[in-house]
Amino acid sequence: MAETLDKIRQDLMRKVEAFREMGINPYPNRFKVSHTLGEVVEAYGEEQDDTELEKAGVFTLAGRMMSLRIHGRIAFAHLRDYTGRLQILVERDVVGRDFYNKVFKKLDVGDFLGVKGTLFRTRTGELTLRVQGVTLLSKVLRPLPEKWHGLKDVELRYRQRYLDLIANEDSRRVFVVRSQVIRKIREFLVSRGFMEVETPMMQPIPGGAAARPFVTHHNALDIDLYLRIAPELYLKRLVVGGFDRVFELGKCFRNEGISTEHNPEFTMVEFYMAYADYMDLMDLTEGLVSTLAREILGTTQVEYGDYVLDLSPPYRRITFRRALLELGKVPPKVLEEEAKAREYARELEIDEEKLATFGKVLGEIFERRVEPILVQPTFVYDYPRDVSPLAKSKEDDPSMVERFEFFMACKEVANAYTELNDPVDQRERFLEQIKERARGDEEAHRMDEDYIRALEYGLPPTAGEGIGVDRLVMILTDSPSIRDVILFPTLRPEGGVEGDRDGKA
RNA sequence: GGGCCGCUAGCUCAAGUGGUAGAGCAACGGCCUUUUAAGCCGUUGGUUCCAGGUUCGAGUCCUGGGCGGCUCACCA
0 MAETLDKIRQ
10 DLMRKVEAFR
20 EMGINPYPNR
30 FKVSHTLGEV
40 VEAYGEEQDD
50 TELEKAGVFT
60 LAGRMMSLRI
70 HGRIAFAHLR
80 DYTGRLQILV
90 ERDVVGRDFY
100 NKVFKKLDVG
110 DFLGVKGTLF
120 RTRTGELTLR
130 VQGVTLLSKV
140 LRPLPEKWHG
150 LKDVELRYRQ
160 RYLDLIANED
170 SRRVFVVRSQ
180 VIRKIREFLV
190 SRGFMEVETP
200 MMQPIPGGAA
210 ARPFVTHHNA
220 LDIDLYLRIA
230 PELYLKRLVV
240 GGFDRVFELG
250 KCFRNEGIST
260 EHNPEFTMVE
270 FYMAYADYMD
280 LMDLTEGLVS
290 TLAREILGTT
300 QVEYGDYVLD
310 LSPPYRRITF
320 RRALLELGKV
330 PPKVLEEEAK
340 AREYARELEI
350 DEEKLATFGK
360 VLGEIFERRV
370 EPILVQPTFV
380 YDYPRDVSPL
390 AKSKEDDPSM
400 VERFEFFMAC
410 KEVANAYTEL
420 NDPVDQRERF
430 LEQIKERARG
440 DEEAHRMDED
450 YIRALEYGLP
460 PTAGEGIGVD
470 RLVMILTDSP
480 SIRDVILFPT
490 LRPEGGVEGD
500 RDGKA
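Residue numbers (numbering that gives the first Met the number 0): 0 to 504.
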């Protein structure tokens, strides 16, 4: 299969040898640039007067050669660095006949070049560097993906993300936006008095969410540790300790299936705010989401697939019950009688195993009937108690808790609640979870005695929220799959079940 | 795991009902002093994902397998 590729690579390898024989190092250690390409374009992109461009002096620039057009004694090429791209003009009679024929013409698209020269405008008006000298900075040994169709193969895009980034402008854009989202989230929270902290990713008791963990082992201590499924219980310990506003932005790990909305490791920002309740966090979330859209995209009207999402606040707020009744068109009796709810769930062909409690039945019905229609940003609030073992009950209805989930584009993007800070109640909730675990629910929460001990030292009234950063980025970049917004998504190892085969390529 | 779809040159894609496997780009050799999908002439490049089967003949049909995508199920 690789005969062609091998031939191309042999040719490229031979060029490297030829350069070395000519005394040209194809991989020199350094090259100092005077400007980035973006700086040059920024400063002179609008300058039309050639004499002004001439007066700007000599520039020393570098980048990857992305295109090459040789016209006999002159050649045009485009260099690209991470700030932008610039055309260069190389003339045989300027760089020397020998150099032009024996060196420059042996260069390939993909090579990194350093160039020195002055600016001018071509006949078509494009800002261009008239090159006095060219230095090879790094030689490619493999051909780049095709230049105008780019790299389409989805698997290659994920496995060889570097090629995706070289070939696909759109992919670069997504990850630039992602980086900005992460920075802006930090700015937003820090500016509101939140302190960024780091809590264990390896936890002896995985807590804070209903999920199955990954297990690892510490040799010296001879104990199993779990990759965290959420930082929640540690963050609330910090609020107990007196850090009233904390957040953590980082990876969580859940040992579950992979889909367009699930990667086994994903990025979540969790934050906790003392003397606030879940309603306050709805306000905060509106502020955060709309700020991200406005400052990064310049608009709060965001296209996602066939939808246009209006991210300008306020967002719709609807209780879980009303959402079921009014949006999901669920018969009222289903919410009142467990038996009716189970019957209804059966009609929807929901797996019997998932229907351990009345609350879970309603939760499942919600996912089926309501979630798929929550296109515009929506807070759904006041959830059944038994699906929310860390959330505080409503003062006027102990069967419900003060919790909301935030949806956009039919995706659950955030989950928040007024934190349960009554240690006695918390212990009971954990005990209920343990019973469910005993009944075979592997995702049920585990008892965490130290967490309860922490609560016994006093957690102030606190609200907490977790936002799925990957999903947020999906929406802000119009990406249909979570793998499009994760640089290196989890994949089966290359080459199938045989796993690692480091020895040979 | 179930269902649907896909896998052809380094890349992007073609090859009515089974009949010699092609194009563009890339590579290689030439020509070319303002191009930008540069152009023109020429050359090279293939185990059509793998293994069986049907057939005079399989990229195409059948069976099994591999890999991937989407979708369903659970979580954020």
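Don't be surprised by glycine CBs; every beta carbon is placed ideally from N, CA and C.
Cβ pair residue i, residue j closer than 7 Å
i      : j      : result
Tyr43  : Leu128 : no
Met200 : Phe242 : no
Ala415 : Ile474 : no
Thr82  : Leu36  : yes
Asp107 : Val139 : yes
Asn262 : Ile485 : yes
Arg84  : His77  : yes
Leu150 : Arg141 : no
Lys177 : Glu441 : Strictly speaking, residue 177 in this sequence is Arg, with Lys absent from that position. Against a cut-off of 7 Å, the Cβ pair of Glu441 and Arg177 comes out as no contact.
Val505 : Arg470 : The structure shown does not extend to residue 505, since the chain spans only 0 to 504, so no value can be given for it.
Val238 : Thr417 : no
Glu247 : Val196 : yes
Glu269 : Lys250 : no
Any non-hydrogen atom of the ligand PLP within 6 Å of residue i CB
i     : result
Met64 : In terms of ligand content, the structure shown is empty, and the ligand PLP therefore cannot be addressed.
Proximal residues to residue i (C-beta, below 7 Å), its chain only, five neighbours per side dropped
i      : result
Val386 : Gly358, Lys359 and Gly362
Val40  : Gly83, Leu85 and Leu126
Glu455 : Pro422
Gln375 : Leu308, Asp309 and Arg315
Simplified DSSP assignment, three categories, for residue i
i      : result
Glu370 : helix
Tyr343 : helix
Gly116 : strand
Ala415 : strand
Met200 : coil
Leu324 : helix
Glu442 : coil
Gly286 : helix
Ser178 : helix
Arg315 : strand
Ala355 : coil
Lys393 : strand
Val15  : helix
Ile7   : helix
Lys183 : helix
Gly362 : helix
Bounding residues of the alpha helix (DSSP H) (the contiguous stretch that carries residue i)
i      : result
Thr50  : Asp49 to Lys54
Gln432 : Pro422 to Ala437
Gly22  : Run containing Gly22: none; DSSP gives neither H nor E here.
Glu335 : Pro331 to Glu335
Met473 : Val468 to Leu475
Gly37  : Leu36 to Tyr43
Residue range of the beta strand (DSSP E) that includes residue i
i      : result
Asp163 : Not the beta strand (DSSP E): Asp163 falls in the alpha helix (DSSP H), residues Arg160 to Ala166.
Tyr303 : Gln300 to Tyr303
Tyr450 : Premise fails: Tyr450 lies in the alpha helix (DSSP H), Glu448 to Glu455, not in any beta strand (DSSP E).
Asp110 : Neither: Asp110 is in no beta strand (DSSP E) and is coded neither H nor E.
Ser398 : Asp396 to Met407
Pro383 : Thr377 to Pro383
Asp483 : Run containing Asp483: none; DSSP gives neither H nor E here.
Arg491 : Segment: none, Arg491 is in no beta strand (DSSP E) and carries neither H nor E.
Arg129 : Leu126 to Ser137
Leu308 : Tyr306 to Asp309
Contact set for residue i: own chain, Cβ-Cβ below 8 Å, skip 5 residues either direction
i      : result
Thr299 : Ser289, Ala292, Arg293, Asp309, Leu310 and Ser311
Ile364 : Leu323, Gly327, Val329, Val333, Ala340, Tyr343, Ala344, Leu347 and Ile349
Ile222 : Pro203 and His216
Gly502 : Any answer about Gly502 is weak, because its pLDDT of 25 lies below 50 and its placement is not dependable; what the coordinates show is given next. Closer than 8 Å at Cβ, skipping near neighbours: no residue.
Other residues of its chain near residue i: CB distance less than 6 Å, five sequence neighbours each side excluded
i      : result
Tyr303 : Ala408, Ile474 and Asp477
Val496 : Bear in mind that a pLDDT of 38 at Val496, under 50, signals an unreliable position, so the model cannot answer this.
Ala208 : Ile228 and Ala229
Ala55  : Leu118
Pro144 : Leu150, Leu162 and Ala166
### Query
Whole alpha helix (DSSP H) runs in the stretch 206-282 with 4 or more residues, listed along the chain?
231-239
### Message
Extract the residue ranges of the beta strand (DSSP E) inside the stretch 58-103, only unbroken runs of 3 or more that lie entirely within it.
### Response
58-70, 73-80 and 83-90
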